[in-house]
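At position 369 of the sequence shown (counting the first as 1) the number is 409 in our numbering, and the numbers step up by one without a gap. Glycine included, every Cβ here is placed at the ideal spot set by N, Cα and C. Notes follow once the structure below has been shown.
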Amino acid sequence: MNEHPLSVAAPSPMARRGTSLLTLAAFGFLTVGAALVLSAQERSAPLVLLLLAILASFGLIGLFALALGLIEWRPRSTANTITGRIADTAGEGFLVVEPKYGGIIYANATYLGMTSTRVLNEAPSIQRLFESALEASEAVFRLSKAAKNGEVRQEDIRLSRSLNGAAPAWYRIRTSPMALKGGKNLVLWSVSDITRERERQENVFQELQYAIDYLDHAPAGFLSLNPDGEVVYLNATLAKWLGRDLAEFGTGGLKVSDLVTVNGETLLKIVSGQPGETHTEIIDTDFRGAMGRVLPVRLFHQVSFDQEGLSGASRTLVLDRSSGETADEGQRAAEVRFARFFNNSPFGIATIAADGQILRMNASFARLLPPESASARAEQRGVGSILADGDRDTFDTRFAATISGKEDLPPIDLQLALDGRSARVYFTSVDGQGDSTE
Numbered sequence: 041m042n043e044h045p046l047s048v049a050a051p052s053p054m055a056r057r058g059t060s061l062l063t064l065a066a067f068g069f070l071t072v073g074a075a076l077v078l079s080a081q082e083r084s085a086p087l088v089l090l091l092l093a094i095l096a097s098f099g100l101i102g103l104f105a106l107a108l109g110l111i112e113w114r115p116r117s118t119a120n121t122i123t124g125r126i127a128d129t130a131g132e133g134f135l136v137v138e139p140k141y142g143g144i145i146y147a148n149a150t151y152l153g154m155t156s157t158r159v160l161n162e163a164p165s166i167q168r169l170f171e172s173a174l175e176a177s178e179a180v181f182r183l184s185k186a187a188k189n190g191e192v193r194q195e196d197i198r199l200s201r202s203l204n205g206a207a208p209a210w211y212r213i214r215t216s217p218m219a220l221k222g223g224k225n226l227v228l229w230s231v232s233d234i235t236r237e238r239e240r241q242e243n244v245f246q247e248l249q250y251a252i253d254y255l256d257h258a259p260a261g262f263l264s265l266n267p268d269g270e271v272v273y274l275n276a277t278l279a280k281w282l283g284r285d286l287a288e289f290g291t292g293g294l295k296v297s298d299l300v301t302v303n304g305e306t307l308l309k310i311v312s313g314q315p316g317e318t319h320t321e322i323i324d325t326d327f328r329g330a331m332g333r334v335l336p337v338r339l340f341h342q343v344s345f346d347q348e349g350l351s352g353a354s355r356t357l358v359l360d361r362s363s364g365e366t367a368d369e370g371q372r373a374a375e376v377r378f379a380r381f382f383n384n385s386p387f388g389i390a391t392i393a394a395d396g397q398i399l400r401m402n403a404s405f406a407r408l409l410p411p412e413s414a415s416a417r418a419e420q421r422g423v424g425s426i427l428a429d430g431d432r433d434t435f436d437t438r439f440a441a442t443i444s445g446k447e448d449l450p451p452i453d454l455q456l457a458l459d460g461r462s463a464r465v466y467f468t469s470v471d472g473q474g475d476s477t478e
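Here is the structure:
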């Protein structure tokens, strides 16, 4: 640490006057003594001795005054003056203390104003400054112990009344060792009023509490999962739908497999995206509630990927598809039943575009994808990736015939690339697109 400019501490007016008068008187006596010596008169010898005695007396008086602090001798320098002004205009109070005896060596103007003192000799130590505040006693004790041991420590304390006796206030106190040239060690204390900073933090926290309360009681469910499938957040609405106690989700260890069916878990795991992308997938699946209750839901499952393509925590909007008021309840119920059938079917079902890219698939079909295809984005997954190389031409021929509008085509048996098993594949044209069922 750089040497602290101890000479910038402002001396008291009495000390300045004492130093000036003593210096002026000594200079006057020396001038008279020199004149007497130069006069070479016999009667001047006693006067010279008298002057020397007076000067010696002044020297003793000066030593006592210096020891008592009535006079101060401080070298001046431009650097110290500038550094002192910088310290005096700082927003926090600085106090330099000699650690062995606890003597105060320096205090900047901010600290003097904070303690309602005008001169250095009247400035209280940190311990005296906060001795009447019981709520600060433990923190000050820990800081004092750290200062004695030459350690750096910081504490934030709240006082029921500020140092000037006004409203409650927060203070940040810091202690750190300070080494000077010559091997002398001192302790630097700093005190700053952080009441406004704390008030801003409390306001932000209060606004955050309002946002969490709104999210908890929103008319839709919210869910967040980490990449390992652990439940990071679950709002009160979704917990109520599932008939679960919200408190059990704060203990950790809850997995997505505890909430959704096996097929739903598979669909959540295959969501993927490019590095730096945020991808949203719409998934219709079933949640498992208390007492074995099944809750059909629609998920808007959003996952963000970092620059290396690794997935982060997901953010999922959950819509209850079991009940509710709609313009056509019968059509809505049919849609829900179809979505449940599609996703929970033991047969692999996929909707395939004319270029061979998979538009939509159920969980059974997703399990047939090789790992490299499962990690790709949905629009980059080609249906040919699930087949062995030798059967891809056969598949392409039958798929092209289906796309052209031919009907009543018989199924074909093809070999899967994942594990070498055979699968029977059915082709059906739907709205000009091929639908492959395995």
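Here's the rule: buried if 16 or more other CB atoms are within 10 angstroms of the residue's CB, otherwise exposed. What is residue i?
i: Arg38; result: In the structure as shown, the chain begins at 41 and stops at 478. Residue 38 is therefore absent and cannot be evaluated.
i: Gly313; result: buried
i: Thr366; result: Note that Thr366 has pLDDT 47, beneath the 50 cutoff, so the model's placement of it is unreliable and the number below is only indicative. With fewer than 16 Cβ atoms within 10 Å of its Cβ, Thr366 is classed as exposed.
i: Ile122; result: exposed
i: Thr118; result: Low local confidence applies: a pLDDT of 46 at Thr118 is under 50, so the model's placement there is unreliable, with the coordinate-based value given in what follows. Exposed is the call here.
i: Thr468; result: exposed
i: Pro336; result: buried
i: Gly332; result: exposed
i: Gly460; result: exposed
i: Asp431; result: buried
i: Asn275; result: buried
i: Gly388; result: buried
i: Tyr151; result: buried
i: Phe245; result: exposed
Compare the C-alpha of residue i against each of the options and name the closest.
i: Ala258; options: Leu265, Thr277, Tyr273 and Val244; result: Thr277
i: Ala176; options: Lys188, Ser202, Thr157 and Leu286; result: Ser202
i: Asp196; options: Glu178, Glu270 and Ser297; result: Glu178
i: Asn204; options: Thr157, Ala187 and Thr215; result: Thr157
i: Asp128; options: Gln249, Ser230, Ala251 and Ala330; result: Ser230
i: Glu239; options: Leu226, Asn225 and Arg198; result: Arg198
i: Asp448; options: Gly460, Ser362, Ala187 and Tyr466; result: Tyr466
i: Leu183; options: Ile144, Leu152 and Leu228; result: Leu228
i: Leu263; options: Leu286, Asp433, Phe245 and Leu152; result: Leu286
i: Ser232; options: Ile443, Ala251 and Trp210; result: Trp210
i: Gly142; options: Asn161, Thr150 and Gly153; result: Asn161
i: Val334; options: Gly304, Glu191 and Phe345; result: Gly304
i: Arg236; options: Arg355, Arg212 and Lys446; result: Arg212
i: Ile252; options: Phe345, Asn189, Tyr273 and Ile234; result: Tyr273
Go through its chain and collect everything with a Cβ distance to residue i's Cβ below 6 angstroms, but skip five positions before and after it.
i: Arg400; result: Thr391
i: Pro208; result: Ser200
i: Arg355; result: Ser264 and Gln342
i: Ile234; result: Trp210 and Arg212
i: Gly190; result: Pro217
Looking at residue i: is its Cβ nearer than 8 angstroms to the Cβ of residue j?
i: Pro267; j: Ser351; result: yes
i: Leu255; j: Ala353; result: no
i: Glu348; j: Pro386; result: no
i: Phe327; j: Leu359; result: no
i: Val271; j: Lys309; result: no
i: Asn403; j: Leu307; result: First, the residue type needs correcting, since residue 403 is Ala and not Asn in the sequence shown. Going by C-beta atoms, Ala403 is nearer than 8 angstroms to Leu307.
i: Ala330; j: Arg361; result: no
i: Val311; j: Val343; result: yes
i: Ala406; j: Ile443; result: no
Spatial neighbours of residue i within its chain, please: CB distance less than 8 angstroms, with the 5 preceding and 5 following residues excluded, ordered by chain position.
i: Leu458; result: Leu408, Leu409, Pro410 and Ile426
i: Ser462; result: Asp453, Leu454, Gln455 and Leu456
i: Ile322; result: Arg338, Leu339, Phe340 and His341
i: Val192; result: Ala186, Arg214, Thr215, Ser216 and Pro217
i: Phe435; result: Val423, Gly424, Leu427, Ile452, Leu454 and Val465
i: Ala163; result: Leu135, Ile144, Ala147, Tyr151, Leu152, Thr155 and Thr157
i: Lys188; result: Pro139
Our contact map puts residue i next to residue j with C-beta atoms below 8 angstroms; I'd like the distance itself, whole angstroms only.
i: Ser297; j: Gly269; result: 7 angstroms
i: Thr318; j: Leu339; result: Thr318 to Leu339, Cβ: 16 angstroms. No contact.
i: Pro450; j: Arg464; result: That pair is no contact at about 10 angstroms.
i: Thr215; j: Ala186; result: 6 angstroms
Apart from the five residues just before and just after residue i, which ones in its own chain have a Cβ nearer than 7 angstroms to its Cβ?
i: Val423; result: Ala390, Ile392, Gly396, Ile398 and Ser476
i: Asn148; result: Ala127, Asp128, Ala130, Gly133 and Phe134
i: Glu138; result: Ile145 and Leu226
i: Val180; result: Ile166, Gln167 and Phe170
i: Met154; result: Gly133, Leu203 and Val231
i: Lys446; result: none
Does residue i have its Cβ less than 8 angstroms from a Cβ in chain D?
i: Gly313; result: Included in the structure is just one protein chain, with no chain D present.
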